[in-house]
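Notes follow the structure.
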């Protein structure tokens, strides 16, 4: 089911800058029992992304109303919201008065079959490029993720770890990455590269609440050797503990369990 | 006028991966007096881009026929061809059997008012990110160009120079860059970054034909001080000599003139 600018439609203009340049941002939001999760955080990031790209800020009241139209009471779904700068302009130059497009797409809730002991990660060869101007934003330029995800088809591998062009670990193709070492939560520093995920943000909030120290660190894939626990996050999967990364084995640890319980509690109370 | 997969249409599916991820490539082709210029070179790059992104290679016979339908005898126009991987797949993962979309858009020929003595360039702040996996490809991830082009609105500035995140000069927002120093043609090395333009390729071919040595060099913006001549290229503008870059002044030099004449001859004979 698709709503474009509030209308039931399933097509966009072939001249849209979202298609031509990836000139826009998006959010992927979990709808659980009819309710969007972490809505305020998603809206904040969406607006921040638009501001950083100088796309006129979308009307959150409209987005809220349209999202409600797509949610069915009691049902789970995935909602993707895309905001593009719309059509127009001369070449790359944005139009003087852009008409941003609001595209809301509801997908069925995906059934993930994840082993109890944790998932399997691999290392991707496709690097992520660094650009502080785009770092953190969930924008529509996602070819690197597409190429990285295209590196494997083995269904027993759940996610791939991507490093930047300097070899620093940044994130998964569709997730953020956390490690635990000596009781300290560690996640890659994202000021040059990567997407600042909403679930990542929530996990850091839970860690703070539980007085678990959290550090934003630049580290290479080899350093994962020295980590005690490893997990990935995104808005749809929540937290997935990692059992294997290449030849390394991890067991679901105490800190990961604590954070998962804290997160579940936070969701319950929201 | 728009042709999508050979049909007169002006919309694409809201689920197209071109929109969601910039998962595709494009060409911008000059149509002069009803004929596409450097057609074979454009097709070669388009196919090469698809191959590098593992997008099924489009049928050049079809593209040729559809382009002919959009060309009117004797008329000038700009043709943009976009190939996307189409809809489908689960998240970033490409579908097992993609159905690429062919989007051909004809735009009016733009009337550029360019001073005889040459154009004015400025330095952009937005950096280009480096990624050898994507370097050279004319793919649909163009947010950096959009942000760079959005840095100025002064109509007397014709183009902006973009450097990579390490400060090396790469290209203009919509053009490639050439300089001449001591009779040697110099153009930025593009193995990590940038678009390998078709007009750039033609200029290098003309230089070779005229026995003008050409070097692919990594250099910083400061080094433009020591250049004797400067010009930019793209498929629509051809060659534009540069008169000013920041506080530097250049005059249209002997080598630029030679190359422009050689290029005109090449176009005539093709």
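Residue numbers (the working numbering), protein chains in the order written: chain C, 1 to 270; chain Y, 1001 to 1270.
Virtual Cβ for every residue (Gly too), placed ideally from N, Cα, C.
Interface with chain Y (8 Å Cβ-Cβ cutoff): residue 12 of chain C is included. Chain Y places no beta carbon closer than 8 Å to that of residue 67 of chain C, leaving this residue out of the contacts. With contacts defined by Cβ atoms closer than 8 Å, residue 1159 of chain Y and residue 1121 of chain Y form a contacting pair.
Per DSSP, the continuous alpha helix (DSSP H) segment holding residue 204 of chain C begins and ends at 198 to 209. For residue 1092 of chain Y, the CB contacts under 8 Å within the same chain, skipping 5 residues up- and downstream, are 1021 in chain order. When DSSP states are grouped into helix, strand and coil, residue 1135 of chain Y belongs to the coil group. For residue 1025 of chain Y, the secondary structure class from DSSP, reduced to helix, strand or coil, is strand. For residue 1112 of chain Y, no beta strand (DSSP E) encloses it, and the DSSP letter there is neither H nor E. With fewer than 16 neighbouring CB atoms inside 10 Å of its own CB, residue 1154 of chain Y falls in the exposed class.
Residue 1013 of chain Y has its alpha-carbon roughly 9 Å from the corresponding atom of residue 13 of chain C.
Considering only beta carbons, the part of the stretch 1089 to 1101 of chain Y lying closer than 8 Å to chain C consists of 1090, 1091, 1092, 1093, 1094, in chain order. Contacts with chain Y (Cβ-Cβ distance below 9 Å) from the stretch 17 to 32 of chain C involve 17, 18, 19, 20, 21, 22, 23, 24, 26, 28, listed in chain order.
When secondary structure is reduced to three states using DSSP, residue 1048 of chain Y falls in the helix class.
Close partners of residue 1130 of chain Y in chain C (Cβ separation under 8 Å): 129, 130, 165. Separation of residue 114 of chain C and residue 241 of chain C (C-alpha to C-alpha, rounded to the nearest whole angstrom) is 10 Å. In this model, residue 1220 of chain Y and residue 1123 of chain Y are separated by some 11 Å (Cα to Cα). Rounded to the nearest whole angstrom, the C-alpha separation of residue 29 of chain C and residue 60 of chain C is 15 Å. Non-local beta-carbon contacts of residue 260 of chain C in its own chain, meaning distances under 7 Å to residues more than five positions away in sequence, involve 239 in chain order. At a cut-off of 8 Å between beta carbons, residue 1145 of chain Y contacts chain C.
Here the alpha carbons of residue 1148 of chain Y and residue 187 of chain C stand approximately 31 Å from one another.
Between residue 1025 of chain Y and residue 23 of chain C, the C-beta spacing is not below 8 Å. In this chain, the beta strand (DSSP E) harbouring residue 1160 of chain Y covers 1159 to 1163.
Taking a beta-carbon distance threshold of 8 Å, residue 232 of chain C does not count as an interface residue toward chain Y. Under the three-pair Cβ rule at 8 Å, the stretch 172 to 191 of chain C does not count as touching the stretch 39 to 59 of chain C.
Taking 8 Å as the threshold, the shortest C-beta distance from residue 54 of chain C to chain Y falls below it. By DSSP's assignment, residue 188 of chain C forms a beta bridge with C:217.
Nearest to residue 1058 of chain Y by C-alpha distance, out of Y:1250, Y:1195, Y:1167, Y:1005, is Y:1005. By the neighbour-count criterion, in which 16 or more other beta carbons inside 10 Å mark a residue as buried, residue 1126 of chain Y falls on the buried side. At a beta-carbon threshold of 9 Å, the residues of chain Y lying near residue 150 of chain C are 1053, 1054, 1092, 1093, 1094, ordered along the chain.
Taken in chain order, the members of the stretch 1152 to 1186 of chain Y whose beta-carbon sits within less than 9 Å of a beta-carbon on chain C are 1153, 1165, 1173, 1174. Around the Cβ of residue 1265 of chain Y, a 10 Å sphere holds fewer than 16 other Cβ atoms; the residue is exposed. Residue 1216 of chain Y is outside the set of residues whose beta carbon lies under 8 Å from a beta carbon in chain C. Closest in alpha carbon position to residue 1183 of chain Y, among Y:1139, Y:1258, Y:1133, Y:1190, is Y:1258.
Taking all protein chains shown into account, residue 270 of chain C has fewer than 16 neighbouring C-beta atoms within 10 Å of its C-beta and is therefore exposed.
Separation of residue 209 of chain C and residue 268 of chain C (C-alpha to C-alpha, rounded to the nearest whole angstrom) is 16 Å.
For residue 15 of chain C, the nearest CB of chain Y lies under 8 Å from its own CB, placing it at the interface with that chain.
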